[in-house]
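Numbering (the working numbering), first residue to last: 88 to 274.
Working notes for the structure below.
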């Protein structure tokens, strides 16, 4: 790790898609998808109805559903541990069920699909096109992380790069969606 002050880090892609799955008897069902990495539930704390956040993304092709997403895909059948095939011919295993997302959260989705771990914290080559969220240890200071990031910019030849830090609570309290975060996060 090049910046040890960062404990978990997660990124996800805000290109909201609908995942398409084949239900029983070949029926097709579309639900809102959010592609996330292994550490997503280390940063974002959701109430698990079934399964647990620690084990949710320990295997490839695992998925966590919201309560509504589970109902849309499985009806009244308990989905935990069940396999389901996407129309992309990928078989996913349901590893968790969480409560439906609150309406005032800055992202949406009924299924969280694991796209695997980032290989290195803050290494631009190991990310998708999304944004990153970090969690600092209690004794760590954001100013130290900013200082170290400037060194990484030079190391990776991104001298004109900039980064903004915003506490998640500010995003949550002052945003209606990711697209307006940059313009609306300041009071």
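For glycine and all other residues, C-beta sits at the position ideal for the given N, C-alpha and C.
Residue i vs residue j beta-carbon contact at 8 Å
i, j, result
"residue 93", "residue 232", "yes"
"residue 197", "residue 152", "yes"
"residue 144", "residue 121", "no"
"residue 236", "residue 130", "no"
"residue 107", "residue 178", "no"
"residue 229", "residue 252", "yes"
"residue 126", "residue 91", "no"
Identified DSSP bridge partners for residue i
i, result
"residue 185", "135, 153"
"residue 228", "For residue 228, which the question treats as bridged, DSSP gives no partner whatsoever."
"residue 199", "121, 151"
"residue 221", "96"
"residue 354", "In the structure as shown, the chain begins at 88 and stops at 274. Residue 354 is therefore absent and cannot be evaluated."
"residue 179", "171"
"residue 104", "120"
Local Cβ density within 10 Å of residue i, reported as buried at 16 or more and exposed below that
i, result
"residue 181", "buried"
"residue 104", "exposed"
"residue 194", "buried"
"residue 200", "buried"
"residue 238", "exposed"
"residue 149", "buried"
"residue 147", "exposed"
"residue 247", "exposed"
"residue 202", "buried"
"residue 211", "At residue 211, the pLDDT of 49 sits below 50, so the modelled position is not reliable; the number obtained from the coordinates is stated separately. Exposed, since its Cβ has fewer than 16 Cβ neighbours within 10 Å."
For residue j and residue i, believed in contact at Cβ under 8 Å, the rounded distance
i, j, result
"residue 97", "residue 220", "5 Å"
"residue 172", "residue 138", "Not really, about 20 Å apart at Cβ, beyond 8 Å."
"residue 110", "residue 160", "6 Å"
"residue 187", "residue 154", "5 Å"
"residue 118", "residue 156", "5 Å"
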